[in-house]
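A short write-up of the structure that comes next.
Protein chains: 2
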Amino acid sequence: MAEYDAQIASTSKGEGLYAADLSPGWSVGGGLNGGYLLAVIGNAIRQEVPDKPDPISISAYYLGPGTPGPATVSTNVRRRGGSVATVAAELWQGDGEAAGPRITALASYGDLDTLGSDVRTTAEEFSLPPVEECAARRLVTPDPDQPSMSDRFELRFPPEQMGWLQGEPTGRGEFAGWFRLADGREPDVISLLSVVDLLPPVTFDLGMPGWAPTMELTVHVRAKPAPGWLKVRHSTRNVAGGMFEEDAEVWDSAGRLVAQSRQLARQPRPQ
Amino acid sequence: MAEYDAQIASTSKGEGLYAADLSPGWSVGGGLNGGYLLAVIGNAIRQEVPDKPDPISISAYYLGPGTPGPATVSTNVRRRGGSVATVAAELWQGDGEAAGPRITALASYGDLDTLGSDVRTTAEEFSLPPVEECAARRLVTPDPDQPSMSDRFELRFPPEQMGWLQGEPTGRGEFAGWFRLADGREPDVISLLSVVDLLPPVTFDLGMPGWAPTMELTVHVRAKPAPGWLKVRHSTRNVAGGMFEEDAEVWDSAGRLVAQSRQLARQPRPQ
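Right under this line is the structure:
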């Protein structure tokens with residue numbers, strides 16, 4: 006089993022509850038990465054509605070940081086329709102007075118294989134230099150005593166996008182790069198829930214370094230991804246009022262737009 | 006009181022429940038308009054967290070059509086934070102075995118006046134001909150015996166965007182026009198929740214007429230709108246697998262991007 010599958014696994018405890026053990030390997034900034042946590046939730050929902058295996062849309066509201074260790078995902082089916090089941094889910098951690106939901110989410114699941122095969126995507130696939138010409142950079146400062154999120158996946162950016170590491174952001178508010186999980190684990194509909202939240206915040210490219218906590222993240226999974234490297238692009242158009250929106254799109258190796266997401270995040274505080 | 010305010014009103018019944026009377030004036034396609042219903046929910050949430058009066062983000066999953074008449078909005082605060090409260094809410098209709106949630110939603114509310122005043126919007130405001138040069142069209146076939154959604158607001162499109170009415174869509178998958186509510190009711194943060202879902206589906210502009218039911222709609226309210234006409238644009242980039250995403254942006258009379266939304270909708274069936 007690839008490490009990713011072990012890290013997003015959970016066990017049914019009955020009555021819609023799933024027990025998970027959150028991995029320290031996804032630590033970043035103030036807690037565990039939000040895309041990782043979303044896949045843990047998405048994977049539990051999938052067990053609750055096994056005849057509807059694919060997340061079509063999932064919306065998560067982040068209430069507090071997730072931390073390594075035990076967690077419970079509660080699920081509550083709101084409607085079982087013919088083609089789609091809609092489920093409310095929460096990720097809980099803590100005991101006693103410290104217990105509380107860290108994420109609350111809604112999702113609609115279905116079977117992507119049964120949907121229409123008509124594709125009229127007008128979005129244009131963005132181009133990147135070949136993988137081997139892109140820089141593999143560790144984006145989180147490594148601490149030899151701690152696991153690093155950078156070891157969970159490979160992310161390769163065109164050299165001209167890496168100026169922010171030397172204090173020279175492009176000012177465009179955009180990142181695009183190649184992505185694949187560790188162990189050569191191929192992408193699937195669940196891993197796409199992580200992929201949309203693993204690039205550095207686009208505010209880095211606007212000269213605003215620092216942790217940018219997600220408030221809300223909605224992902225639409227539009228097709229099952231083909232095996233191979235994914236192309237991921239993040240961009241923002243509206244940094245205002247202490248917040249910014251970040252759109253992500255994910256294209257698979259077959260040239261299909263397989264996922265679209267938008268999140269609302271808090272602007273990093275000046276450091 | 007403007008008709009819009011009367012139509013989105015609800016009365017607290019205690020324990021987080023709010024009683025509403027859904028207006029037949031918002032009938033369209035298979036039920037009541039989704040943007041109208043979202044404002045009913047949004048208005049009830051606002052009563053539940055009065056110190057956090059502004060929707061910052063709201064995500065709604067549409068489970069079944071809303072119909073004119075009594076409805077209950079249930080609210081459940083998931084977290085009261087210092088700057089933001091996050092609330093789960095559902096719109097229920099029906100009695101006995103027919104009772105069920107029509108919409109399930111999550112929202113984060115805050116006070117937009119207390120947020121940062123920094124604005125670095127890189128999105129460019131789209132241009133439209135002056136209001137008086139745009140066509141005021143009734144978009145729903147009027148039935149003299151029935152109330153029409155077209156009487157609830159004014160929507161004016163540049164003449165070159167109206168080709169779909171004569172079977173000549175532009176094929177771009179985009180609509181942009183001027184908007185204001187009936188009675189000259191000025192826009193506010195709640196009415197923005199409706200505005201993002203009141204244009205015809207962009208699929209009309211792709212030569213796919215027909216009802217396009219919303220599955221999921223997330224709205225980010227980024228600023229309080231200034232009085233006057235709003236500019237609204239809808240567009241899609243990915244019609245595939247029987248679904249399409251529709252992005253909306255709303256600009257106010259002061260030239261500020263006040264709301265951004267994305268929805269996932271079912272593609273109209275061939276007629």
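Protein chains in written order, with the numbering used here: chain G, 6 to 276; chain V, 6 to 276.
Even glycine gets a Cβ: it sits at the ideal position worked out from N, Cα and C.
- The C-alpha of Gly168 (chain G) is placed about 36 Å away from the C-alpha of Thr109 (chain G).
- DSSP places Gly115 (chain G) inside the beta strand (DSSP E), whose first and last residues are 105-115.
- A direct Cα-Cα distance of roughly 8 Å separates Arg274 (chain V) from Met213 (chain V).
- In this chain, the alpha helix (DSSP H) harbouring Glu8 (chain G) covers 8-12.
- Within chain G, the residues Tyr66, Leu68, Glu95, Pro106, Thr109 have their CB atoms less than 8 Å from the CB of Arg83 (chain V), given in chain order.
- In terms of beta-carbon proximity, Thr223 (chain G) lines the interface with chain V, with at least one pair separated by less than 8 Å.
- Within 9 Å of the CB of Met154 (chain G), no CB atom of chain V is found; the nearest one sits about 25 Å away.
- Remark: C-beta atoms of Glu250 (chain V) and Leu269 (chain V) approach each other more closely than 8 Å.
- Ser113 (chain G) and Ser62 (chain G) have their alpha carbons spaced roughly 5 Å apart.
- A contact is defined here as three or more CB-CB pairs under 8 Å, and the segment 12-23 of chain V meets this definition with respect to the segment 45-61 of chain V.
- Within the segment 149-231 of chain G, the complete beta strand (DSSP E) segments of 3 residues or longer fall at 158-162, 179-186, 219-226, listed in chain order.
- The Cβ atoms of Ser64 (chain G) and Leu120 (chain G) do not sit closer than 8 Å to each other.
- Arg238 (chain V) and Ala259 (chain V) have their C-alpha atoms spaced approximately 16 Å apart.
- Within the same chain, and ignoring the five residues on either side of Gln98 (chain G) in sequence, the residues whose Cβ sits closer than 6 Å to its Cβ are Ala76, Arg107.
- At a cut-off of 8 Å between C-beta atoms, Gln265 (chain V) counts as an interface residue with respect to chain G.
- Residue pairing by DSSP places Gln268 (chain V) opposite V:Leu222, V:Glu251 in a beta bridge.
- Taking the beta carbon of Glu250 (chain G) as reference, the chain V residues within 9 Å of it are His225, Arg227, Gln265, listed in sequence order.
- For Asn81 (chain V), the uninterrupted beta strand (DSSP E) segment begins and ends at 74-85.
- Annotation: the continuous beta strand (DSSP E) that includes Arg125 (chain G) extends over 124-126.
- In the DSSP annotation of this structure, the continuous segment of the alpha helix (DSSP H) that includes Asn48 (chain V) starts and ends at 39-53.
- Proximity of chain G to Thr175 (chain V) at the Cβ level (cut-off 7 Å) is not reached, the minimal Cβ distance being about 12 Å.
- Gly30 (chain G) is not bridged by DSSP to any residue.
- Judged by pairs of C-beta atoms under 8 Å, the segment 231-247 of chain V touches the segment 191-211 of chain V, as three or more such pairs exist.
- Looking only at G:Cys139, G:Val78, G:Met154, the smallest Cα-Cα distance to Ala24 (chain G) is reached by G:Val78.
- Taking a contact as a CB-CB distance under 8 Å, the pair Gly74 (chain V) and Leu27 (chain V) counts as one, their CB atoms being some 6 Å apart.
- Check the Cα spacing between Gly40 (chain V) and each of V:Arg271, V:Ser266, V:Gln272: the tightest is with V:Ser266.
- For Leu43 (chain V), no chain G residue has a Cβ inside 8 Å of its Cβ, as the nearest lies near 13 Å away.
- When DSSP states are grouped into helix, strand and coil, Gly35 (chain G) belongs to the coil group.
- The residues Gly40, Tyr41, Ala44, in chain order, have a CB closer than 6 Å to that of Ser199 (chain V) in the same chain once the five nearest residues on each side in sequence are set aside.
- About 6 Å separates the Cβ atoms of Ala228 (chain V) and Gly246 (chain G), confirming a contact at the 8 Å cut-off.
- Residues Asn81, Arg83, Leu111 of the same chain have their beta carbon placed closer than 6 Å to that of Ala93 (chain V), with the five preceding and five following residues left out of the count.
- Under the three-state reduction of DSSP, Gly19 (chain G) is assigned to strand.
- A Cβ of chain G is located within less than 8 Å of the beta carbon of Ser62 (chain V).
- Burial of Arg271 (chain G) is indicated by the presence of at least 16 other C-beta atoms within 10 angstroms of its C-beta.
- A distance below 8 Å separates the beta carbons of Asp210 (chain V) and Pro174 (chain V).
- At a cut-off of 8 Å between beta-carbon atoms, Leu269 (chain V) makes contact with chain G.
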